[in-house]
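S.K.:
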Amino acid sequence: MVKKAYRKVKANKGSAGEDKESLEDFEVNLLDNLYVLWNRMNSGSYFPKPVRSVSIPKANGKKRVLGIPTVNDRIAQQVVKDYLEPRLEAQFQDQSYGYRPLKSAHQAVAAVHENVLRYAWVIDMDIKSFFDEVDHELLMKAVERHVAEPWVKMYIRRWLESPAQQPDGTLIQKGGQGTPQGGVISPLLANLFLHYVLDKWLLKQYPGVAFVRYADDIVIHCHTETEAKQLLEAIRARLAECKLRLSEEKTKMVYCQNYRRPKRKDYGKKFDFLGFTFKPKPIISKKGGLFLGYGSTISQKAQSRIIEGWKQLRWHRRSDLTMQDIADQINPQMVGIIRYYGKFKLRGLQPLMKRFEFRLAKWVLNKYRKFRGSYGEAHKWISELKISYPAMFYYWTVFKHV
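Taking our numbering, the leading residue of the sequence shown gets 1195, the next gets one more, and so forth.
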């Protein structure tokens, strides 16, 4: 079990924990290290080290705090995850998609696509600081419904109670709350907690609504405004009962207007989910007619994040690079962007690709003085390159016939 867990941790890579030991360092004495961990887990003498707190910027300018366990602790968590996951998977609902085997973000987005056709109202729901505020005792009650083995419960509790080490070395105790984002076991525990807090509760108390959950990102579909209002109040009370709370500034009701539904001006008509914005949009029918549908495209937040990443590369200032150098650097990212965000409507990515070509033209102007600062001439030259070298950039091939 320990060797199998190690292979999974290695495949996921990840940075060092508070002990600064990397995967490469751990592998120097791999068999000895795995044996020591196995022996300690078997004897009950394994104790996790503090998680290393790392802040990463969010799209809204705020920061998300990750808790990075040591390599040793990641392997130990993977052992328990592998042991526990099959029995929990047998209990989880189909409406839950996040961090589950054979489930994906695309499946979750596709489910929302289906639901907005059948339901006119959406509760775009956000739980405030979910991973920071999960109550340990309530979570352990959920664990104990499925776990009889003392060693599993003991290690889960130790991980929950493990302090967080700040960059200055200060240790912050959990105080009975929180499961750190960044831990191997955390997504499974989060899914288990929300399985009882929301999934089972919604199915039992409100069988007429639909919902899609990807970890703590949740969209609930209702037939009427009244139903949505009443359910939102009930959710607020349910979360309070489970020691959680809604983010009031982010949670909202949305009217999914299309050609079949009457116009409303008193509610917003769009919401974001997993990097896509769902909103009313003109759609061309098979017969060539135009009507108002309701669908998705890449969100503005996702576009801004991608464009900012391109800016940070700063290769428009690198006159020493060739066009092929830039293509080699950007193509792997372009593959990921197009495969994810272009899944449901490829044309929706064309504005983003134009922004990339603007940056490419900027590089051309800095490298070649013959264009004399003319973006038009630079774009014309790029267009000629597309004909001569159509496969140089991945997106040139993809958008050739779009």
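Don't be surprised by glycine CBs; every beta carbon is placed ideally from N, CA and C.
No experiment lies behind these values; they were computed from the predicted model shown.
Which same chain residues, not among the five before or five after Asp-1276, have their C-beta less than 8 angstroms away from its C-beta?
M.R.: For the purposes of this step, residue 1276 is taken as the residue at position 82 of the sequence shown. Taken in chain order, the residues that qualify are Met-1195, Lys-1198, Ala-1199, Lys-1202.
S.K.: Just curious, the beta strand (DSSP E) that Asp-1411 is in, first and last residue?
M.R.: For the purposes of this step, residue 1411 is identified with residue 217 of the sequence shown, where counting begins at 1. First-last of the beta strand (DSSP E) with Asp-1411: 1411-1416.
S.K.: Roughly how many whole angstroms lie between the Cα atoms of Asp-1410 and Ser-1323?
M.R.: Counted from its first residue, the sequence shown places residue 1410 at position 216. Counted from its first residue, the sequence shown places residue 1323 at position 129. Cα-Cα distance, rounded: 10 angstroms.
S.K.: Put Asp-1519 into one of helix, strand or coil per three-state DSSP.
M.R.: For the purposes of this step, residue 1519 is taken as residue 325 along the sequence shown, with counting starting at 1. In the structure shown, Asp-1519 sits in a helix (DSSP, three-state: H, G or I).
S.K.: By how many angstroms is the C-alpha of Glu-1571 removed from the C-alpha of Phe-1565?
M.R.: Translated into the one-based positions of the sequence shown, residue 1565 becomes position 371. Translated into the one-based positions of the sequence shown, residue 1571 becomes position 377. One C-alpha to the other measures close to 6 angstroms.
S.K.: For Phe-1465, write down the residues that DSSP places opposite it in a beta bridge.
M.R.: Residue 1465 sits at position 271 when you count from the first residue of the sequence shown. Phe-1465 pairs with Phe-1472.
S.K.: What are the boundary residues of the beta strand (DSSP E) that includes Tyr-1583?
M.R.: The residue labelled residue 1583 in the question sits at position 389 within the sequence shown. Looking at the DSSP string, Tyr-1583 is not in any beta strand (DSSP E), and its letter there is neither H nor E.
S.K.: Report, in whole angstroms, the separation of the C-beta atoms of Val-1403 and Leu-1396, which I expect to be a contact under 8 angstroms.
M.R.: Here the question's residue 1403 lines up with position 209 in the sequence shown. Here the question's residue 1396 lines up with position 202 in the sequence shown. That belief holds up - the Cβ atoms of Val-1403 and Leu-1396 are roughly 7 angstroms apart, short of 8 angstroms.
S.K.: Can you tell me which residues form a DSSP beta bridge with Lys-1603?
M.R.: Outside the modelled stretch of the chain, which goes from 1195 to 1596, sits residue 1603, for which no answer is possible.
S.K.: With H, G and I counted as helix, E and B as strand and the rest as coil, what does DSSP make of Lys-1537?
M.R.: As a working mapping, residue 1537 is identified with position 343 in the sequence shown. Coil.
S.K.: Taking just the CA atoms, how far does Ala-1210 sit from Val-1222?
M.R.: For the purposes of this step, residue 1222 is taken as the residue at position 28 of the sequence shown. For the purposes of this step, residue 1210 is taken as the residue at position 16 of the sequence shown. Rounded to the nearest angstrom, the two C-alpha atoms are 15 angstroms apart.
S.K.: Taking the alpha helix (DSSP H) that Leu-1440 falls in, what are its first and last residues?
M.R.: In the sequence shown, residue 1440 corresponds to position 246, counting from 1. Element bounds for Leu-1440: n/a, residue is neither H nor E.
S.K.: Whose CA, out of Phe-1465, Lys-1252, Ala-1304, Gly-1292, lies closest to the CA of Lys-1614?
M.R.: Since the displayed the chain opens at 1195 and closes at 1596, residue 1614 lies outside it and no answer follows.
S.K.: Taking DSSP as the reference, what is the three-state secondary structure of Gln-1371?
M.R.: The residue labelled residue 1371 in the question sits at position 177 within the sequence shown. Strand at Gln-1371.
S.K.: For Leu-1543, tell me which candidate among Thr-1491, Tyr-1313, Lys-1423 has the shortest Cα-Cα distance.
M.R.: Translated into the one-based positions of the sequence shown, residue 1543 becomes position 349. Nearest option by C-alpha distance: Thr-1491.
S.K.: In whole angstroms, give me the CA-to-CA distance for Val-1337 and Ser-1237.
M.R.: Reading the sequence shown from its first residue, position 143 is the one you call residue 1337. Reading the sequence shown from its first residue, position 43 is the one you call residue 1237. Distance between the alpha carbons of Val-1337 and Ser-1237 is about 22 angstroms.
S.K.: If we ignore side chains and look at the alpha-carbon of each, how far apart do Glu-1283 and Trp-1315 end up?
M.R.: Reading the sequence shown from its first residue, position 89 is the one you call residue 1283. Reading the sequence shown from its first residue, position 121 is the one you call residue 1315. Each residue's Cα considered, the two are about 30 angstroms apart.
S.K.: Exposed or buried, what is Met-1447 when buried is set at 16 or more other beta-carbons lying within 10 Å of its beta-carbon?
M.R.: Position 253 of the sequence shown, counting from 1, holds the residue named residue 1447. Met-1447 is buried by the Cβ-count criterion.
S.K.: Would you mind sorting Glu-1506 into buried or exposed? The rule is 16 or more other CB atoms within 10 Å of its CB.
M.R.: Position 312 of the sequence shown holds residue 1506. The question names Glu, but residue 1506 is Gln in the sequence shown. Label assigned to Gln-1506: exposed.
S.K.: Would you report the Cα separation of Arg-1508 and Trp-1557, rounded to the nearest angstrom?
M.R.: By 1-based counting over the sequence shown, the position of residue 1508 is 314. By 1-based counting over the sequence shown, the position of residue 1557 is 363. Distance between the alpha carbons of Arg-1508 and Trp-1557: 9 angstroms.
S.K.: Along the chain, where does the beta strand (DSSP E) that runs through Val-1248 open and close?
M.R.: Indexing the sequence shown from 1 puts residue 1248 at position 54. 1245-1251 is the extent of the beta strand (DSSP E) around Val-1248.
S.K.: For Val-1592, which option in His-1573, Arg-1541, Lys-1252, Lys-1207 has the closest C-alpha, if you only look at C-alpha atoms?
M.R.: Mapped onto the sequence shown, residue 1592 falls at position 398. Here the closest residue by C-alpha is Arg-1541.
S.K.: With 16 other CB atoms within 10 Å as the buried threshold, where does Val-1529 fall?
M.R.: Translated into positions along the sequence shown, residue 1529 becomes position 335. Looking at its Cβ environment, which holds fewer than 16 other Cβ atoms inside 10 Å, Val-1529 is exposed.
S.K.: Residues in its own chain within less than 7 angstroms of Asp-1213 by CB, not counting five upstream and five downstream?
M.R.: Stepping through the sequence shown from its first residue, residue 1213 is reached at position 19. Hits under 7 angstroms: Lys-1243, Thr-1264.
S.K.: Taking 8 angstroms as the threshold, find out whether the region 1293-1309 comes into contact with the region 1342-1362 through three or more Cβ pairs.
M.R.: No, the region 1293-1309 does not touch the region 1342-1362.
S.K.: Please name the residue in Cys-1450, Ala-1434, Lys-1394, Leu-1386 whose C-alpha comes closest to that of His-1415.
M.R.: By 1-based counting over the sequence shown, the position of residue 1415 is 221. Closest option to His-1415, Cα to Cα, is Cys-1450.
S.K.: Which of the three DSSP states, helix, strand or coil, is assigned to Thr-1491?
M.R.: For the purposes of this step, residue 1491 is identified with residue 297 of the sequence shown, where counting begins at 1. If DSSP states are grouped into helix, strand and coil, Thr-1491 belongs with the strands.
S.K.: Would you kindly work out how many angstroms separate the C-alpha atoms of Tyr-1313 and Leu-1440, rounded to a whole number?
M.R.: By 1-based counting over the sequence shown, the position of residue 1313 is 119. By 1-based counting over the sequence shown, the position of residue 1440 is 246. Straight-line Cα distance between these residues: approximately 22 angstroms.
S.K.: I'd like to know whether the C-beta atoms of Ser-1356 and Val-1245 end up nearer to each other than 8 angstroms.
M.R.: Within the sequence shown, residue 1356 is the residue found at index 162, counting from 1. Within the sequence shown, residue 1245 is the residue found at index 51, counting from 1. In this structure, Val-1245 lies closer than 8 angstroms to Ser-1356 by Cβ.
S.K.: Look at Tyr-1589 and Ile-1532 and say whether their C-beta atoms are less than 8 angstroms apart.
M.R.: Reading the sequence shown from its first residue, position 395 is the one you call residue 1589. Reading the sequence shown from its first residue, position 338 is the one you call residue 1532. Yes, the Cβ-Cβ distance between Tyr-1589 and Ile-1532 is below 8 angstroms.
S.K.: Please list, in chain order, all residues of the same chain as Val-1596 whose beta carbon is under 8 angstroms from its beta carbon, the five residues on each side excluded.
M.R.: Numbered from 1 along the sequence shown, position 402 holds the residue referred to as residue 1596. Unreliable positioning characterises Val-1596 in this predicted model, as indicated by a pLDDT of 49, which lies under 50. A coordinate reading is not provided.
S.K.: Please give the ranges of any alpha helix (DSSP H) in the region 1244-1303, keeping only runs that are unbroken, at least 4 residues long and fully inside the region.
M.R.: Counting only runs of 4 or more, we get 1265-1283.
S.K.: Pick out whichever of Gln-1371, Glu-1218, Val-1259, Val-1274 has its Cα sitting closest to the Cα of Ile-1379.
M.R.: Taking the first residue of the sequence shown as 1, we reach residue 1379 at position 185. When each option's Cα is compared against that of Ile-1379, the closest is Val-1274.
S.K.: Can you give me the C-alpha to C-alpha distance between Gln-1527 and Gly-1536, rounded to a whole angstrom?
M.R.: What you label residue 1527 is simply residue 333 of the sequence shown in a count that begins at 1. What you label residue 1536 is simply residue 342 of the sequence shown in a count that begins at 1. If I take the Cα positions, the gap works out to 13 angstroms.
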